[in-house]
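Visitor: Following full-length UniProt numbering, the numbering of the sequence shown begins with 1 at its first residue and continues without gaps.
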Amino acid sequence: MDGGDRIAEVLRRHGVQFLFTLCGGHISPILVGAKRRGIRVVDVRHEVNTVFAADAVARLTGVPGVAAVTAGPGLTNTITAVKNAQLAQSPVILLGGAAATVLKGRGALQDIDQMALMRPHVKWAHAARRVRELVPALEEAFRVAQEGVPGPVFLECPVDLLYSEDVVKSWYVAKTKPGQSPSLGERAMATYLGFHTWRMFAGADDARPQTPKPVPPPPLARDELRAAAEAFARAERPVIVVGSQAMSIPGEARGIASALEAIGAPVYLSGMARGLLGAGHPLQMRHARKAALKQADLVVLAGVPCDFRLDYGQNISRKAVLIAANRSEEEMQKNRSPDVPVLADAGRFLQGLAGRLAAAGQVRDRTGWVAKLRVADDARDNDIAAQAAAAPTAPEALVNPLQLCRRIEANLDDHSQLVADGGDFVATASYIVRPRAPLSWLDPGVFGTLGVGAGFALGAKLVRPEAETWIFYGDGSVGYSLSEFDTFVRHKVPVIAVVGNDACWAQIAREQVEILGDAVGTELSRTDYHRAAAGFGAVGLEIREAAAVDGVLAEAKAAAKAGSPVLINVHLAGTDFRKGSLSM
Numbered sequence: 001m002d003g004g005d006r007i008a009e010v011l012r013r014h015g016v017q018f019l020f021t022l023c024g025g026h027i028s029p030i031l032v033g034a035k036r037r038g039i040r041v042v043d044v045r046h047e048v049n050t051v052f053a054a055d056a057v058a059r060l061t062g063v064p065g066v067a068a069v070t071a072g073p074g075l076t077n078t079i080t081a082v083k084n085a086q087l088a089q090s091p092v093i094l095l096g097g098a099a100a101t102v103l104k105g106r107g108a109l110q111d112i113d114q115m116a117l118m119r120p121h122v123k124w125a126h127a128a129r130r131v132r133e134l135v136p137a138l139e140e141a142f143r144v145a146q147e148g149v150p151g152p153v154f155l156e157c158p159v160d161l162l163y164s165e166d167v168v169k170s171w172y173v174a175k176t177k178p179g180q181s182p183s184l185g186e187r188a189m190a191t192y193l194g195f196h197t198w199r200m201f202a203g204a205d206d207a208r209p210q211t212p213k214p215v216p217p218p219p220l221a222r223d224e225l226r227a228a229a230e231a232f233a234r235a236e237r238p239v240i241v242v243g244s245q246a247m248s249i250p251g252e253a254r255g256i257a258s259a260l261e262a263i264g265a266p267v268y269l270s271g272m273a274r275g276l277l278g279a280g281h282p283l284q285m286r287h288a289r290k291a292a293l294k295q296a297d298l299v300v301l302a303g304v305p306c307d308f309r310l311d312y313g314q315n316i317s318r319k320a321v322l323i324a325a326n327r328s329e330e331e332m333q334k335n336r337s338p339d340v341p342v343l344a345d346a347g348r349f350l351q352g353l354a355g356r357l358a359a360a361g362q363v364r365d366r367t368g369w370v371a372k373l374r375v376a377d378d379a380r381d382n383d384i385a386a387q388a389a390a391a392p393t394a395p396e397a398l399v400n401p402l403q404l405c406r407r408i409e410a411n412l413d414d415h416s417q418l419v420a421d422g423g424d425f426v427a428t429a430s431y432i433v434r435p436r437a438p439l440s441w442l443d444p445g446v447f448g449t450l451g452v453g454a455g456f457a458l459g460a461k462l463v464r465p466e467a468e469t470w471i472f473y474g475d476g477s478v479g480y481s482l483s484e485f486d487t488f489v490r491h492k493v494p495v496i497a498v499v500g501n502d503a504c505w506a507q508i509a510r511e512q513v514e515i516l517g518d519a520v521g522t523e524l525s526r527t528d529y530h531r532a533a534a535g536f537g538a539v540g541l542e543i544r545e546a547a548a549v550d551g552v553l554a555e556a557k558a559a560a561k562a563g564s565p566v567l568i569n570v571h572l573a574g575t576d577f578r579k580g581s582l583s584m
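#1: Over what stretch of residues does the beta strand (DSSP E) that includes Gly97 continue unbroken?
#2: Going by DSSP, which residues form a beta bridge with Gln417?
#3: Between the alpha carbons of Gln284 and Leu103, how many angstroms are there, rounded?
#4: Gly3: which of Tyr268, Ile27, Arg45 and Tyr431 sits nearest, CA to CA?
#5: Go ahead and pull the three-state DSSP assignment for Thr527.
#6: On the criterion of 16 or more Cβ atoms from any shown chain inside 10 Å, does Gln210 qualify as buried, or is it exposed?
#7: Report the residue from Ala560, Met115 and Met189 whose alpha carbon sits nearest the alpha carbon of Ser416.
#8: Are there 16 or more other CB atoms within 10 angstroms of the CB of Lys123, so buried, or fewer, so exposed?
#9: With Gly65 and Ala81 assumed to form a contact (beta carbons below 8 Å), what rounded beta-carbon distance in angstroms separates them?
#10: Sort Leu298, Ala291 and Thr191 by Cα distance to Glu236 and report the nearest one.
#11: Hey, could you find the ends of the beta strand (DSSP E) Ala325 is sitting in?
#12: Excluding sequence positions up to five away, which residues of its chain have a Cβ less than 8 Å from the Cβ of Pro282?
#13: Give the straight-line distance between the Cα atoms of Lys372 and Thr76, rounded to the nearest whole angstrom.
#14: Considering only the alpha carbon of each residue, which of Leu277, Ala259, Val342 and Val300 lies closest to Phe232?
#15: Can you tell me whether Ile515 is buried or exposed? The criterion is at least 16 other CB atoms within 10 Å of its CB, across all chains shown.
#16: Between which two residues does the alpha helix (DSSP H) containing Thr456 stretch?
#17: Between which two residues does the alpha helix (DSSP H) containing Tyr480 stretch?
#18: Would you identify the three-state DSSP class for Ile240, choosing helix, strand or coil?
#19: Is the beta carbon of Ser270 sitting closer than 7 Å to the one on Val149?
#20: Within the present structure, is the beta-carbon of Asn569 separated from the nearest heavy atom of the ligand GTP by less than 6 Å?
#21: Output the distance between the C-alpha atoms of Met1 and Ala207, rounded to the nearest integer angstrom.
#22: Tell me which residues share the same chain as Ala388 and place their Cβ nearer than 7 Å to its Cβ, disregarding the 5 neighbours each side in the sequence.
#23: What separation, rounded to the nearest whole angstrom, lies between the Cα atoms of Val489 and Gly540?
#24: Select from Ala253, Ala292, Ala291 and Gly264 the residue whose C-alpha is nearest the C-alpha of Arg274.
#25: Which of the three DSSP states is assigned to Thr76 in this structure?
#26: Out of Asp443, Val63 and Asn501, point me to the one whose CA is closest to Val144's CA.
#27: Mapping DSSP to helix, strand and coil, what is residue 589?
#28: So Tyr192 is in the beta strand (DSSP E); what residue range does that whole segment cover?
#29: Name the residue from Asp486, Thr527, Arg234 and Arg510 whose alpha carbon lies nearest to the alpha carbon of Leu537.
#30: Could you check the C-alpha separation between Ile7 and Gln17 for me, to the nearest Å?
#31: Any chance the region 304-320 sits against the region 196-204, with 3 or more Cβ pairs inside 8 Å?
#32: Give the C-beta separation of residue 595 and Ala354 to the nearest angstrom, bearing in mind that I take them to be a contact with Cβ-Cβ under 8 Å.
#33: For the structure I just gave you, are there three or more beta carbon pairs, one from the region 543-558 and one from the region 504-511, closer than 8 Å?
#34: Can you give me the C-alpha to C-alpha distance between Glu165 and Thr101, rounded to a whole angstrom?
#35: Decide if the region 452-463 is in contact with the region 414-434; the criterion is three or more beta carbon pairs, one per stretch, under 8 Å apart.
#36: Counting pairs of Cβ atoms below 8 Å between the region 493-508 and the region 460-480, do you hit three or more?
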């Protein structure tokens, strides 16, 4: 086996089904080795989307997603997605090609200090220098990516470790073939390269892939669980906020949902936890979270830090008991120290809390408190419905974005998954469109990265080909990954993308114009994005008036069901629905 085969065998043993890549000579043996072992090699049009797609696979399956990119600019193109995975705590493995070991630092093609580039953005980084390092290093990468707080890791794979020994020797012989009367320097170089090659390949067969061992989550301490249960049992107005980290073990999503039902307290879901309780569970609240947290006498943050999304902890009443369950000590203590810290997997904590409350007979009837919050939640829904019904005024008589989102919500398949990639339009959709099931909503997370849409949707649809997969794009964010419609077409990945086209970066423009009096840098054109998608071989559709929405949505769903990716370009009227939403 060459080095590429060795890497591919480790991937196979760890249950990797997809390898995301953009081809390059530095990594070709990895791609070929993966294909030989039945791993589907999915090539994209920009390297950043290899990592976004791998991130989505990791979130939905719990198996680390894997991307392989070529050296230099191939690797630098992934940095935004790697940083997004780090902040979103996604276990991603990035394999990076590199210049030959003997040419490092000598001006070889695409040779840069890749380790210095990657180390700040990953949990673990290693540069292999011998073939025998590839297998144990990659096995270590899988372990580190999953243990404790999950995150991305990086393994640098120099090109001369990936090809067979005979091929590498032929390269070096060709480079150093002496003349009829070789000089002392030529003989010395040939001797050095012979020794270097022998050293690179020595012991390669001694490092054989091992059967992977499970990587357990951080244990849940009995004392911490007892303290949390006792505090919860005393509370009259508890609120639970569940975040992405609680979904670190995707296979336990149903168990977590059952635990929340058994606890019987009002729940707010964020990030990857959206959809955990289905579309309309009576315990789930979607609006007025700030007011609920201020009224609560106990708040549970399950996999949620007190960052800007919770106003750095200021949304939680100082009189309330704060319980925080998190795999990360740093995140658990961020901006506000909890009264009851639980350093453990947040999903396991919620299941343990439900079990302990039930065993002790401490599950209380809190229907009155739930009903009070439901009144506020329903009032906000009614307000949104009224705003959606309002027709846009001329000369902007296009499509009301709230009305569009309500029609998408009405037409959404029960087996659907949603990818959020954008600012104003996508945030508007998050108020209205309800994920139907656990692990059916993907957004970038705390980094707020634009451009995740195509990569996330690619990974999600490959994992769940039966699910109707939607991308919600702003007309700003679609520019980052529009060319991946070529990827969707080539790999037969029938997603449905909806572009909210209001011809501007609305979330920024709204505040910038009001505060600074200038729209500079925020204006776009009402571009024919649907025509661009059609140029790649997808189905391109356009909506310019509300009366056409339902018909075009039906056409898009039918086309996707028939196997074609679709882009719907919807021309939106302006709205102040999210006025004052600029985050700091």
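C-beta: ideal position from N, C-alpha, C; glycine also. In this text the structure is predicted, and so the values were computed from the model without any measurement.
Guide: Put simply:
#1: Counting from one through the sequence shown, the residue named residue 97 turns up at place 97. From DSSP, the beta strand (DSSP E) with Gly97 extends over Val92 to Ala98.
#2: As a first step, residue 417 is located in the sequence shown; it is residue number 417 there, counting from the start. Bridge partners of Gln417: Thr469.
#3: Working through the sequence shown from its first residue, we reach residue 284 at position 284. Working through the sequence shown from its first residue, we reach residue 103 at position 103. The alpha-carbon atoms of Gln284 and Leu103 are separated by roughly 58 Å.
#4: The residue given as residue 3 occupies position 3 in the sequence shown. Put simply, of Tyr268, Ile27, Arg45 and Tyr431 the residue whose alpha carbon is nearest the alpha carbon of Gly3 is Ile27.
#5: As a first step, residue 527 is located in the sequence shown; it is residue number 527 there, counting from the start. In the structure shown, Thr527 adopts coil according to DSSP, grouped into three states.
#6: What you label residue 210 is simply residue 210 of the sequence shown in a count that begins at 1. So Gln210 counts as exposed.
#7: Here the question's residue 416 lines up with position 416 in the sequence shown. The shortest C-alpha separation from Ser416 is found at Ala560.
#8: On the sequence shown, residue 123 is found 123 positions in, with the first residue counted as 1. By the Cβ neighbour-count rule, Lys123 is buried, with 16 or more other Cβ atoms within 10 Å of its own.
#9: In the sequence shown, residue 65 corresponds to position 65, counting from 1. In the sequence shown, residue 81 corresponds to position 81, counting from 1. About 11 Å separates the two Cβ atoms, so there is no contact after all.
#10: As a first step, residue 236 is located in the sequence shown; it is residue number 236 there, counting from the start. For Glu236, the closest of Leu298, Ala291 and Thr191 by C-alpha to C-alpha distance is Leu298.
#11: One-based indexing of the sequence shown puts residue 325 at position 325. For Ala325, the enclosing beta strand (DSSP E) begins and ends at Val321 to Asn326.
#12: Counting from 1 along the sequence shown, the entry for residue 282 is found at position 282. So the qualifying residues of the chain are Val370 and Arg374.
#13: Position 372 of the sequence shown, counted from the first residue, corresponds to residue 372. Position 76 of the sequence shown, counted from the first residue, corresponds to residue 76. Cα to Cα, the separation comes out at about 51 Å.
#14: The count along the sequence shown starts at 1 and reaches residue 232 at position 232. Of the listed residues, the one whose Cα sits closest to Phe232 is Val300.
#15: Translated into the one-based positions of the sequence shown, residue 515 becomes position 515. With fewer than 16 other Cβ atoms within 10 Å, it is exposed.
#16: In the sequence shown, counting from the first residue as 1, residue 456 sits at position 456. It is worth fixing the name first, because residue 456 is Phe in this sequence and not Thr. Taken as a continuous stretch (DSSP letters only), the alpha helix (DSSP H) holding Phe456 covers Gly453 to Val463.
#17: By 1-based counting over the sequence shown, the position of residue 480 is 480. Per DSSP, Tyr480 belongs to the alpha helix (DSSP H) from Val478 to Ser481.
#18: Position 240 of the sequence shown, counting from 1, holds the residue named residue 240. Ile240: strand per DSSP, three-state reduction.
#19: Locating residue 270 in the sequence shown gives position 270, counting from the first residue. Locating residue 149 in the sequence shown gives position 149, counting from the first residue. Not a contact, by the Cβ cut-off of 7 Å.
#20: As presented, the structure is devoid of all ligands, the ligand GTP included, so that no description of it is given.
#21: Position 1 of the sequence shown, counting from 1, holds the residue named residue 1. Position 207 of the sequence shown, counting from 1, holds the residue named residue 207. Near 12 Å, if we compare the C-alpha coordinates of Ala207 and Met1.
#22: Sequence index remark: in the sequence shown, residue 388 carries index 388 (1-based). For Ala388, where only same-chain residues beyond five positions count, the Cβ hits under 7 Å are Asn400, Leu402, Gln403 and Arg406.
#23: In the sequence shown, the residue the question calls residue 489 occupies position 489. In the sequence shown, the residue the question calls residue 540 occupies position 540. Whole-angstrom Cα-Cα distance: 12 Å.
#24: Translated into positions along the sequence shown, residue 274 becomes position 274. Of Ala253, Ala292, Ala291 and Gly264, the residue nearest in Cα terms is Ala253.
#25: One-based indexing of the sequence shown puts residue 76 at position 76. Thr76 falls in the helix class under three-state DSSP.
#26: Indexing the sequence shown from 1 puts residue 144 at position 144. Residue Val63 is the option with its Cα nearest to Val144.
#27: Since the first and last residues shown for the chain are 1 and 584, residue 589 lies out of range.
#28: Your numbering for residue 192 matches position 192 in the sequence shown. Run containing Tyr192: none in the beta strand (DSSP E); it sits in the alpha helix (DSSP H), Leu184 to Phe201.
#29: Position 537 of the sequence shown, counted from the first residue, corresponds to residue 537. Leu is not the amino acid found at residue 537; the sequence shown has Gly there. Among Asp486, Thr527, Arg234 and Arg510, the Cα nearest to that of Gly537 belongs to Asp486.
#30: The residue given as residue 7 occupies position 7 in the sequence shown. The residue given as residue 17 occupies position 17 in the sequence shown. Roughly 14 Å between the two C-alpha positions.
#31: no
#32: There is no way to answer for residue 595, as the model of the chain reaches only from 1 to 584.
#33: no
#34: If you number the sequence shown from 1, residue 165 lands on position 165. If you number the sequence shown from 1, residue 101 lands on position 101. Each residue's alpha carbon lies about 14 Å from the other.
#35: Yes, since at least three Cβ pairs between the region 452-463 and the region 414-434 fall closer than 8 Å, the two stretches touch.
#36: yes
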